[in-house]
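A quick write-up on the structure given underneath.
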Amino acid sequence: MKQAHYSWLILLIVLTGCGGSSTPSPTYIAYWKLDETPGSSTIADSIANPTNNHGAAQPGPVAAWGNFTGPTTVPAAVNTGLYFPGDGSIRVEVPNTTDLNPPAFYLEARVAPVLCGAGVFYPIVDTWDSNTGTGYTFYLEGEPGNVARPKLRMLGSTFAATATVPANYDPTTNSGTWTRVGVSVNLSAGTGVFLINGNPAGSFTFAPPSTPSLLSPLALWIGAAHTHPTAMWCEIGLDEVFIQ
């Protein structure tokens, strides 16, 4: 059975000192464990309240290794996870709702990026609509030294963590490093913080929007992004994606 990781207590301490609390509720809004087996079309959200935000494997059901017709099941940090080959189309698609976009939230995932070099993008969760400038993209960007840096794009700006994670995952041998990466945002206070393995990895501030929500007209994608990056996509394993 998968165990929850309660990073919100750390966030309370860190962000209270940043001039306003960006602490999300300790109650989960959505939790995609990504334990689905080959043939599964539905990616389950295990949190029923306020609603089950189930996703759909796209463009086809979850696939076994070697059949890249949809997200591919792989051994992961906790039980199994899903591998996304970095083509920008294989993804989990979740209807975007108001409950997924509260004024203050914490977003976390276990990530295992493949080594692709500097400048490549590894999408984690994306709702960014380039036409309206709404939504957000939580992703990794490759850097020299076989590492990748967590970043968040929202409100016309991009924020970066002060630390990096290893980019050494090899899905063919099930080797490499799985890392917990998270970001907390308080839209009303204009504060945020990155966490890596539960440890603070840089705070940031921004001008609070007039409406404290990042809701966009686009679906929430896991493992892909709606807008193609300026560089290339790269492969990534994902596990234990949740919003608090």
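So for the sequence shown, this note's numbering puts the first residue at 1129; every next one is plus one.
From the three backbone atoms N, C-alpha and C, an ideal C-beta is built for every residue, glycine too.
As assigned by DSSP and simplified to three states, the class of residue i
i     : result
L1210 : strand
T1226 : helix
M1360 : coil
Y1156 : coil
K1161 : coil
A1246 : coil
L1315 : coil
D1173 : strand
W1349 : strand
Residue environment, residue i, which counts as buried when at least 16 other CB atoms sit within 10 Å
i     : result
D1298 : exposed
P1278 : buried
T1286 : exposed
P1328 : buried
S1341 : exposed
P1272 : exposed
P1413 : Past the edges of the chain, shown from 1129 to 1372, lies residue 1413, and the structure says nothing about it.
Beta-carbon separation (whole angstroms), residue i vs residue j, contact threshold 8 Å
i     : j     : result
L1280 : V1311 : 5 Å
A1191 : T1197 : 5 Å
T1319 : T1301 : Contact doesn't hold; Cβ gap of about 41 Å is too wide.
N1325 : R1308 : 5 Å
G1214 : I1364 : 7 Å
D1257 : A1353 : That pair is no contact at about 11 Å.
T1200 : T1165 : Not confirmed; about 11 Å, so no contact.
Residue range of the beta strand (DSSP E) that includes residue i
i     : result
D1367 : 1364-1371
I1252 : 1249-1254
A1241 : The identity of residue 1241 in the sequence shown is Pro, whereas the question assumes Ala. Counting along the chain, the beta strand (DSSP E) containing P1241 begins and ends at 1232-1241.
L1327 : A quick correction: the sequence has Asn, not Leu, at residue 1327. Unbroken beta strand (DSSP E) run through N1327: 1327-1333.
P1299 : Looking at the DSSP string, P1299 is not in any beta strand (DSSP E), and its letter there is neither H nor E.
7 Å Cβ cutoff met for residue i and residue j
i     : j     : result
L1162 : D1367 : yes
V1248 : C1362 : yes
T1292 : V1275 : yes
I1371 : I1171 : no
P1187 : S1169 : no
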